[in-house]
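Residue 396 is where the sequence shown starts when you use my numbering, and the numbers rise one by one after that. Below: one structure, written as structure tokens.
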Amino acid sequence: MTRLEQLFNWRNYLQQAAVTIAIVLIASQIAVLPALATGVYEMPMLSAGDRTWVWDKGDVLSRSTESNISSVLDTLEQKTGKQVRFVTIHRLDYGETTATFADQLFEQWFPAKEDQNNQILLVLDTVTNSAAIRTGEGVKSLLSDEIAQSVAGETVQVPLREGNKYNEAFSEASSRIATVMSGEPDPGAPKVVDNIQVEGTFKKAEETDQGNATVVVVVLLVLATVIPMVTYFWYQGFS
């Protein structure tokens, strides 16, 4: 076999290797997304008498914040009998929304109407930072639908828009709900501070990961084409 034939064989080998690696990388990106999704069926079972108030499956709350929130909500339950639960998840199943997830989880945890009566459930998806809230009929006299939606859409969202301040968002939400459910006046949503840069310019982690994978694929394909050509011309220069 001549050196020229060897060079062409190496080029074909590198191209095939690059295509194989590219396929593996792309497939891994596609396969990982569903695996990270959280469905209602993955949530732990819970009954109305359970005294666990926070499920941070999105892993965004510090231990001290989770402990403080649990203390506030536990005290509220002891004083009023109303139960509040916060849930964070990281990525929803395909076709799911935070609202539909909250609805299904509310029904799964409290299937009986009498169990739903004194319940409040707040859910946040940490990928989209979208929040949804469900309330039982027994809490609506104090926590009206308007206030509940303000908690999910403003009290939680304002700190998140200011820089993904999850600890602050849930601390403020627990404080506002506890205040209202204790019969005190609603403190209202946090004030929005106008910033020059309204929307962040940094990419999310998911976008960065996918971008890096794309760059790797492109570089491999370019190298698979360029290296054989450079080697060939180098060989020709010395022949």
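Even glycine gets a Cβ: it sits at the ideal position worked out from N, Cα and C.
Local conformation of residue i per DSSP, three classes
i, result
"A497", "helix"
"S525", "strand"
"T483", "strand"
"W504", "helix"
"L516", "strand"
"V449", "strand"
"T433", "strand"
"I425", "Bear in mind that a pLDDT of 47 at I425, under 50, signals an unreliable position, so the number given afterwards is only what the model happens to contain. Three-state DSSP puts I425 in a helix."
"V419", "With a pLDDT of only 47 at V419, under the threshold of 50, the placement of this residue in the model should not be trusted; the figure read from the coordinates follows. In this structure, V419 counts as helix in the three-state DSSP scheme."
Beta-carbon proximity check, residue i vs residue j, cutoff 7 angstroms
i, j, result
"K477", "N513", "yes"
"V479", "L538", "no"
"L456", "Y561", "yes"
"L464", "V482", "For the record, residue 464 in the displayed sequence is Ile; it is not Leu. For I464 and V482, no; Cβs fall outside 7 angstroms."
"D520", "I484", "yes"
"A584", "E549", "yes"
"D488", "G434", "yes"
"A564", "D510", "no"
Cβ-Cβ separation, residue j to residue i (assumed contact under 8 angstroms), whole Å
i, j, result
"T460", "S566", "6 angstroms"
"L516", "L500", "7 angstroms"
"A497", "R529", "5 angstroms"
CB contact check: residue i to chain D, cutoff 7 angstroms
i, result
"E502", "Absence of chain D from the displayed structure is noted, only one protein chain being present."
* Asked: With contact counted as at least three CB pairs below 8 angstroms, one residue from each stretch, are the region 521 to 531 and the region 550 to 558 in contact?
  -> Output reads yes: the region 550 to 558 touches the region 521 to 531.
* Any contact of the region 538 to 555 with the region 571 to 589, i.e. 3+ C-beta pairs under 8 angstroms? -> By the Cβ criterion, the region 538 to 555 is in contact with the region 571 to 589, since at least three pairs of Cβ atoms, one from each stretch, lie closer than 8 angstroms.
* Would you mind listing the beta strand (DSSP E) stretches within the region 522 to 568 that are 3+ residues and don't spill past its ends, in chain order? => 525 to 530
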